[in-house]
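In the numbering used here, each residue's number is its place in the sequence shown (first place is 1) plus 77. Take a look at the structure set out below.
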Amino acid sequence: MTTSFMRLRARQAGRGAATLLFTLAMPVHATNGFNLIGFGAESLLMGGADVAVARDSSAINTNPAGLAQVQGKAFDGFGSVLRTLDLSHADQHGSDVHASNRYTPLAGGGYVQSLESLPCTAGVGTFVQGGAGGVFRHINTSQNGQDNFSAKFGIAKIGVGIGCQVTERLSLGTTVGFTYASIQQSLYRDSPGIGGIKLEDADGIRPNFKIGLQYKLSPTLTLGAAYTEKTKLPLTGGSFSLNAGAQTFHYDDAKLDGFATPREVAIGLAWKPKADWLLAFKLNWINWSDALKSTTLTARNPDSAFAPSRITSSNRMDWHDQVVLALGLAHELNDKTTLYAGYNYGRNPMPRASTTPFIAGILEHHYTLGAAYKFSPEWTFTGGLEYSPVVKVNYNNRELPFGDAQLRNEALFLHFMLSRRWQ
Numbered sequence: 078m079t080t081s082f083m084r085l086r087a088r089q090a091g092r093g094a095a096t097l098l099f100t101l102a103m104p105v106h107a108t109n110g111f112n113l114i115g116f117g118a119e120s121l122l123m124g125g126a127d128v129a130v131a132r133d134s135s136a137i138n139t140n141p142a143g144l145a146q147v148q149g150k151a152f153d154g155f156g157s158v159l160r161t162l163d164l165s166h167a168d169q170h171g172s173d174v175h176a177s178n179r180y181t182p183l184a185g186g187g188y189v190q191s192l193e194s195l196p197c198t199a200g201v202g203t204f205v206q207g208g209a210g211g212v213f214r215h216i217n218t219s220q221n222g223q224d225n226f227s228a229k230f231g232i233a234k235i236g237v238g239i240g241c242q243v244t245e246r247l248s249l250g251t252t253v254g255f256t257y258a259s260i261q262q263s264l265y266r267d268s269p270g271i272g273g274i275k276l277e278d279a280d281g282i283r284p285n286f287k288i289g290l291q292y293k294l295s296p297t298l299t300l301g302a303a304y305t306e307k308t309k310l311p312l313t314g315g316s317f318s319l320n321a322g323a324q325t326f327h328y329d330d331a332k333l334d335g336f337a338t339p340r341e342v343a344i345g346l347a348w349k350p351k352a353d354w355l356l357a358f359k360l361n362w363i364n365w366s367d368a369l370k371s372t373t374l375t376a377r378n379p380d381s382a383f384a385p386s387r388i389t390s391s392n393r394m395d396w397h398d399q400v401v402l403a404l405g406l407a408h409e410l411n412d413k414t415t416l417y418a419g420y421n422y423g424r425n426p427m428p429r430a431s432t433t434p435f436i437a438g439i440l441e442h443h444y445t446l447g448a449a450y451k452f453s454p455e456w457t458f459t460g461g462l463e464y465s466p467v468v469k470v471n472y473n474n475r476e477l478p479f480g481d482a483q484l485r486n487e488a489l490f491l492h493f494m495l496s497r498r499w500q
């Protein structure tokens, strides 16, 4: 094989494969796009209707103004376990395969305390914004063979928040911190005619910012609002492998530009018709169309003189903005037990033309149910379930080697939180 032919084959495979990278970099447990519907067990079990309710350490990531409701010291350790009931990929080559990784654990926590010299409460928290991955094995290819594809993608946040009681009715808050994201993925590494690829260890960290308010319209009705700024997340420092047919080329400098967490505006109400009942409502606008417009992959420093010295490829994502509706209910059954229920709806923000089996953001309806039990004046355990019924999307993404394909998703979450309150 001549040198010129190998270089041409590498360029052709590189252009085809590089456009796939961003579409593979999505979490399998995404709900509102790639966002979870809420953060902390109370937020999640009320369907994400948290902006006017926020009253524990998870307010750092939902509405920092709610921190002003916490008096004394508070610790919340929260976690979730996702069970994918039906995360499946089918295509025109005869594949119909469920992802082999059916369970995904998530965790986070926060500590806050009121300040002695100010009418404020401040603290720090860590949160999984979205992430995990999908592993699909023994997929039929267009070459009458079988191969695998997989992706691991995660977004995590750490933030320092403060909420202050400005007047008897008004509290304001802000959170500053950092957002971290990382990607590892591979596609048909043993099928050179399709352009087998692998991207490893590309990551990025950037500052994030959120502000919020809560205002008591009356003794029983509270207005809440929060604004989250867009965070650009160029993912750098990765390595990239390209199967060009007779040879696999390795690049030790790969980056993905154009990825971002979206700008969000949330507004909501919390109403207590009786002392033991709480009803909550939230509308959340998520600006996906600005965050996920297009991406560019760049790979440099190959290990072979036959490989292109640089691979660059751009592709469009064109996600739609999303308006999420959340409804939540809490009922204090007695001094020790509180019951929760919630509903969350957000229309799938992904166009069919850019749908991939690595994105579970097609989930639209979410139903939640749970309870909190106070073991002592200091300790409370909260737990419950979130169910998202099956959604099917038929698509043909020309940047993927699947042809006419279908993505199915159905999910069940277990949410739990252990909380301590003390002076």
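Built from N, CA and C at the ideal position, the CB exists for glycine as well.
First through last residue of the alpha helix (DSSP H) which encompasses residue i
| i | result |
| --- | --- |
| residue 119 | 118-122 |
| residue 325 | Not the alpha helix (DSSP H): residue 325 falls in the beta strand (DSSP E), residues 325-334. |
| residue 138 | 136-139 |
Rounded distance between the beta-carbons of residue j and residue i, thought under 8 Å
| i | j | result |
| --- | --- | --- |
| residue 381 | residue 324 | 7 Å |
| residue 108 | residue 303 | With a Cβ gap of about 18 Å, residue 108 and residue 303 do not count as contacting. |
| residue 298 | residue 356 | About 10 Å; that fails the 8 Å criterion. |
| residue 313 | residue 332 | 4 Å |
| residue 336 | residue 310 | 5 Å |
| residue 182 | residue 158 | 5 Å |
| residue 316 | residue 329 | 5 Å |
| residue 137 | residue 222 | Wrong, their Cβ atoms sit about 49 Å apart, outside the cutoff. |
| residue 433 | residue 477 | 6 Å |
| residue 548 | residue 492 | Residue 548 lies beyond the stretch modelled for the chain, which goes from 78 to 500, so this question has no answer here. |
| residue 359 | residue 125 | 7 Å |
| residue 120 | residue 134 | With a Cβ gap of about 11 Å, residue 120 and residue 134 do not count as contacting. |
| residue 242 | residue 196 | 4 Å |
| residue 122 | residue 445 | 5 Å |
| residue 206 | residue 228 | With a Cβ gap of about 17 Å, residue 206 and residue 228 do not count as contacting. |
Residues bridged to residue i [DSSP beta-bridge criterion]
| i | result |
| --- | --- |
| residue 291 | 248 and 301 |
| residue 309 | 337 |
| residue 167 | 173 and 483 |
| residue 319 | 274 and 326 |
| residue 30 | Nothing about residue 30 can be read from this structure; the chain reaches only from 78 to 500. |
| residue 238 | 200 and 252 |
| residue 351 | Residue 351 pairs with nothing; no bridge assigned. |
| residue 260 | 230 and 279 |
| residue 342 | 304 and 362 |
| residue 490 | 159 and 463 |
| residue 211 | 228 |
| residue 496 | 153 and 457 |
| residue 205 | 233 |
Rounded C-alpha distance that separates residue i from residue j
| i | j | result |
| --- | --- | --- |
| residue 469 | residue 168 | 13 Å |
| residue 345 | residue 400 | 13 Å |
| residue 253 | residue 459 | 27 Å |
| residue 452 | residue 204 | 25 Å |
| residue 285 | residue 220 | 45 Å |
| residue 217 | residue 362 | 39 Å |
| residue 449 | residue 413 | 8 Å |
| residue 379 | residue 388 | 10 Å |
| residue 265 | residue 383 | 21 Å |
| residue 102 | residue 350 | Reliability of the predicted coordinates at residue 102 is poor, the pLDDT of 34 falling under 50, and the value obtained from them is presented with this limitation in mind. So the two alpha carbons sit approximately 45 Å from each other. |
| residue 78 | residue 385 | Legend: pLDDT at residue 78 = 39, less than 50; position of this residue unreliable, value from coordinates given subsequently. The straight-line gap from Cα to Cα measures roughly 16 Å. |
| residue 129 | residue 289 | 10 Å |
| residue 151 | residue 262 | 39 Å |
| residue 472 | residue 441 | 17 Å |
| residue 395 | residue 424 | 15 Å |
| residue 404 | residue 421 | 6 Å |
| residue 479 | residue 499 | 56 Å |
| residue 81 | residue 322 | Caution is warranted here: a pLDDT of 44 is assigned to residue 81, below 50, making its placement in the model unreliable, and the coordinate value is therefore given only provisionally. Roughly 14 Å between the two C-alpha positions. |
| residue 487 | residue 114 | 15 Å |
| residue 341 | residue 145 | 22 Å |
| residue 186 | residue 236 | 11 Å |
| residue 435 | residue 245 | 48 Å |
| residue 339 | residue 278 | 23 Å |
| residue 155 | residue 127 | 16 Å |
| residue 190 | residue 198 | 5 Å |
| residue 173 | residue 482 | 10 Å |
| residue 184 | residue 249 | 27 Å |
| residue 200 | residue 465 | 32 Å |
| residue 178 | residue 367 | 31 Å |
First through last residue of the beta strand (DSSP E) which encompasses residue i
| i | result |
| --- | --- |
| residue 142 | That residue, residue 142, is in no beta strand (DSSP E); it is neither H nor E in DSSP. |
| residue 153 | 150-161 |
| residue 220 | Segment: none, residue 220 is in no beta strand (DSSP E) and carries neither H nor E. |
| residue 458 | 456-472 |
| residue 113 | It is not in any beta strand (DSSP E) - residue 113 carries neither H nor E in the DSSP assignment. |
| residue 449 | 442-451 |
| residue 182 | 180-191 |
List, from N- to C-terminal side, the alpha helix (DSSP H) runs of 4 residues or more that fit wholly inside the stretch 357-424. 365-368
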